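Engineer: By full-length UniProt numbering, the letter at position 23 of the first sequence is numbered 23, and the numbering carries on one by one without gaps.
Backbone N, C-alpha and C fix where the C-beta goes; we use that ideal spot for every residue, glycine too.
Keep in mind it's a predicted model, so treat the numbers as computed, not measured.
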Amino acid sequence: MAFWLMKSEPDVFSWEDLVARGDAGEEWDGVRNYQARNNMRAMKPGEQAFFYHSRSEKAVVGICEVIAEAHPDSTSDDPRWDCVDVRALRPFAQPVTLEMCKADPRLADMVLVNNSRLSVQPVTRAEWQVICELGGIADTAG
DNA sequence: GCCAACGTTGGC
DNA sequence: GCCAACGTTGGC
Numbered sequence: 001m002a003f004w005l006m007k008s009e010p011d012v013f014s015w016e017d018l019v020a021r022g023d024a025g026e027e028w029d030g031v032r033n034y035q036a037r038n039n040m041r042a043m044k045p046g047e048q049a050f051f052y053h054s055r056s057e058k059a060v061v062g063i064c065e066v067i068a069e070a071h072p073d074s075t076s077d078d079p080r081w082d083c084v085d086v087r088a089l090r091p092f093a094q095p096v097t098l099e100m101c102k103a104d105p106r107l108a109d110m111v112l113v114n115n116s117r118l119s120v121q122p123v124t125r126a127e128w129q130v131i132c133e134l135g136g137i138a139d140t141a142g
């Protein structure tokens, strides 16, 4: 069981947009970066990912669930680009800002803190736990 | 809105 | 295969 973090600019596709899709979820298309794509290829249905609002907001706002393994990105004719499908699982009681992540020594090694440009990234079990705690919800990893 | 950091492209 | 030029991301 792996854990992930996926970024989106809220102006383009927000957490609220994903919630509005309901259980049908949404294709996580548009990723044109090999590392991010490789991370999506490693995802399995049932795994969870933090949903992060970049740019204006800079905060983790909820948790989504992978509902389909990687498949060709419908927004690209280039066979290199795959993506997964996700659906909203649960919102945070309060958003966990980038500032909070940087301030917490337990998250010092987090990819989000150290490589701000990777849009789909792995999260460790320990980091998952900390961010759930900061977000005011029970640890969903069980 | 700016620009640093990073990734990709393409000429050589 | 190197690296300069270019485009994009995302924090500030």
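Use the C-beta contact count for residue 40: other C-beta atoms within 10 angstroms, 16 or more gives buried, fewer gives exposed.
Structural biologist: Here residue 40 refers to the residue found at position 40 when the first sequence is read from its first residue. Answer is buried; the Cβ neighbour count reaches 16.
Engineer: Report yes or no: do the segment 100-113 and the segment 11-29 share at least 3 C-beta pairs separated by less than 8 Å?
Structural biologist: No: fewer than three Cβ pairs fall under 8 Å.
Engineer: Sort 115, 83, 48 and 71 by Cα distance to residue 132 and report the nearest one.
Structural biologist: As a working mapping, residue 132 is identified with position 132 in the first sequence. The residue with the shortest Cα to Cα distance from residue 132 is 48.
Engineer: Find out if the Cβ-Cβ distance for the pair residue 120, residue 5 is shorter than 9 Å.
Structural biologist: Residue numbering aside, residue 120 sits at position 120 when the first sequence is read from its first letter. Residue numbering aside, residue 5 sits at position 5 when the first sequence is read from its first letter. For residue 120 and residue 5, yes; Cβs fall inside 9 Å.
Engineer: Report the three-state DSSP secondary structure of residue 158 (helix, strand or coil).
Structural biologist: One cannot answer for residue 158 here, as it falls past the ends of the chain, which runs 1 to 142.
Engineer: Between the C-alpha atoms of residue 11 and residue 105, what's the straight-line distance to the nearest angstrom?
Structural biologist: On the first sequence, position 11 is the one that residue 11 refers to. On the first sequence, position 105 is the one that residue 105 refers to. If I take the Cα positions, the gap works out to 30 Å.
Engineer: Note down, in chain order, each residue of its chain lying with its Cβ closer than 6 Å to the Cβ of residue 85, except the 5 sequence neighbours on either side.
Structural biologist: Along the first sequence, one-based indexing puts residue 85 at 85. Excluding residues within five positions, the ones whose Cβ falls inside 6 Å are 25, 27, 67 and 68.
Engineer: Based on the DSSP secondary-structure assignment, which residues constitute the bridge partners of residue 113?
Structural biologist: Numbered from 1 along the first sequence, position 113 holds the residue referred to as residue 113. Per DSSP, none; premise fails for residue 113.
Engineer: In chain order, what are the residue ranges of uninterrupted alpha helix (DSSP H) at least 4 long that sit wholly in the UniProt domain "EVE" (2-134)?
Structural biologist: Taking only runs of at least 4 residues, the alpha helix (DSSP H) segments lying wholly in the UniProt domain "EVE" (2-134) are 15-21, 34-41, 98-103, 111-114 and 125-134.
Engineer: For a quick check, are the C-beta atoms of residue 71 and residue 7 less than 9 Å apart?
Structural biologist: As a first step, residue 71 is located in the first sequence; it is residue number 71 there, counting from the start. As a first step, residue 7 is located in the first sequence; it is residue number 7 there, counting from the start. No, the pair does not count as a contact, with Cβ atoms beyond the cut-off.
Engineer: How many Å lie between residue 101 and residue 126 at the Cα?
Structural biologist: Counted from its first residue, the first sequence places residue 101 at position 101. Counted from its first residue, the first sequence places residue 126 at position 126. Cα-Cα distance, rounded: 13 Å.
Engineer: Who are the Cβ neighbours of residue 62 in its own chain at under 7 Å, not counting the five residues just before and after it?
Structural biologist: In the first sequence, residue 62 corresponds to position 62, counting from 1. 15, 51, 88, 90, 91 and 92.
Engineer: Would you say residue 55 and residue 9 are within 9 Å of each other, going by their C-beta atoms?
Structural biologist: Residue 55 sits at position 55 when you count from the first residue of the first sequence. Residue 9 sits at position 9 when you count from the first residue of the first sequence. In contact: residue 55 and residue 9 (Cβ atoms closer than 9 Å).
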